[in-house]
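Taking the numbering used here, the leading residue of the sequence shown gets 74, the next gets one more, and so forth. From the three backbone atoms N, C-alpha and C, an ideal C-beta is built for every residue, glycine too. Right, one structure below, let's go through it.
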Amino acid sequence: MQKISALLITYNEERNIKRFLEDSVYADEIIVVDSYSTDKTVEIAQSFPKVKVFQREFKNFTDQKNFAIEQATYEWITFFDADEHIPLKLREELIAITQNANALDAYYERFFFKQKVIHFSGMQNDKAIRLFKKSKNRYKNGRLVHELIHCEGAVGKLKNKLDHYTYNSSDEYRRKLTSYSKLRAKELELRNLKPNFFHFKIKPAYRFFNHYIIRLGFLDGREGFVVSKLHAESVYQRYVFLNEIYETKDTQFINKNV
74 MQKISALLIT YNEERNIKRF LEDSVYADEI IVVDSYSTDK TVEIAQSFPK VKVFQREFKN
134 FTDQKNFAIE QATYEWITFF DADEHIPLKL REELIAITQN ANALDAYYER FFFKQKVIHF
194 SGMQNDKAIR LFKKSKNRYK NGRLVHELIH CEGAVGKLKN KLDHYTYNSS DEYRRKLTSY
254 SKLRAKELEL RNLKPNFFHF KIKPAYRFFN HYIIRLGFLD GREGFVVSKL HAESVYQRYV
314 FLNEIYETKD TQFINKNV
């Protein structure tokens, strides 16, 4: 029997982690890498017998997830988020794949929004790898957010879908994109990019046009419009956060030299 390591990174997930750990019964070990939660996340995790908890400062998603991979004992790894429910059929599929001698090296699932699969709206290539072999996969360095797995092998598609609690409402998805915008702003600050009219006005408008028209978001109906609009807002926020970083630096410099 091939064994499975289920990985999870957390910060203040006491509302979700119990369900996640109960869903992870298919795994032979569960690795939780926590960014020093201030709620009961760690306490709940430690109450489950198969869980190993590591506490580590959060730098970015890529760094944290690659650290989690290194802690895994077994070749087969799953990586889900705490606010996602793993239905029974998907759990059974994960087990079946890992016991198949002809299994590929990684498996992805598609993007769902409000329980509807999004075929267009810029999400055509949004294929999150959820099950993979440790020896063939790592998250690409150099990305603080929108982390991507590089697979040195063949990739297949999972047949069964997750229940994405994260994406059950526009407000929840907006909060997720906001957290991404903050990290993206830090990436741009490292490149010394200074935001201007082009970034605040043209880029958000183009992002909406790109998602909704060029990448056929209108074919996804109302959901396609909402997803395109939220991504345009996220681009605008990215430069607002970047501008705030520079303003904070300027204020600190002035105060230091007064």
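* What's the call for V124, buried or exposed, on a 16-neighbour Cβ count within 10 Å? -> buried
* To the nearest angstrom, how far is it from the Cα of H223 to the Cα of A79? -> 19 Å
* Looking only at its own chain, which residues have a Cβ that is under 6 Å from the Cβ of L261, when we skip the five neighbours before and after it? -> L315
* Asked: Looking at C-alpha atoms only, which residue of F281, I287, Q325, Q119 is the closest neighbour of V308?
  -> F281
* To do: With a cut-off of 8 Å on the beta carbons, I'd call F334 and V106 a contact; round off their distance for me.
  => The question about residue 334 has no answer, for the chain in this structure spans 74 to 331.
* Where does S78 fall in DSSP's three states? -> Secondary structure at S78: strand, using DSSP grouped into helix, strand and coil.
* **For T151, three-class secondary structure by DSSP** => Reduced to three states, the DSSP call for T151 is strand.
* To do: Measuring alpha carbon to alpha carbon, tell me which of R288, A258, E296 ends up nearest I318.
  => A258
* the stretch 116 to 130 contacting the stretch 175 to 183, beta-carbon criterion three pairs below 8 Å -> no
* Asked: Who are the Cβ neighbours of L266 in its own chain at under 6 Å, not counting the five residues just before and after it?
  -> none
* To do: Grab the span of the beta strand (DSSP E) containing V105 for me, first residue to last.
  => 102 to 107
* Asked: Looking at C-alpha atoms only, which residue of I202, A169, V126 is the closest neighbour of E182?
  -> I202
* Asked: What is the DSSP secondary structure of L204, counted as helix, strand or coil?
  -> strand
* Backbone secondary structure at G294 - three-state DSSP -> coil
* To do: Quick one: grab the DSSP three-state call for K276.
  => helix
* Could you pull out every residue in the same chain whose Cβ sits closer than 7 Å to the Cβ of T111, ignoring the five residues on either side in sequence? => N85
* Within the same chain, show all residues whose beta-carbon is closer than 7 Å to that of R92, passing over the 5 residues directly before and after it, in chain order. => H158
* What residue from I82, K255, E296, F273 has the CA that sits closest to Q144's CA? -> I82
* Could you check what DSSP says for N316 in three-state terms: helix, strand or coil? => helix
* Do you know offhand how far V115's Cα is from G290's? -> 40 Å
* **F131 - DSSP class collapsed to helix/strand/coil** => Of the three classes helix, strand and coil, the one that applies to F131 here is coil, per DSSP.
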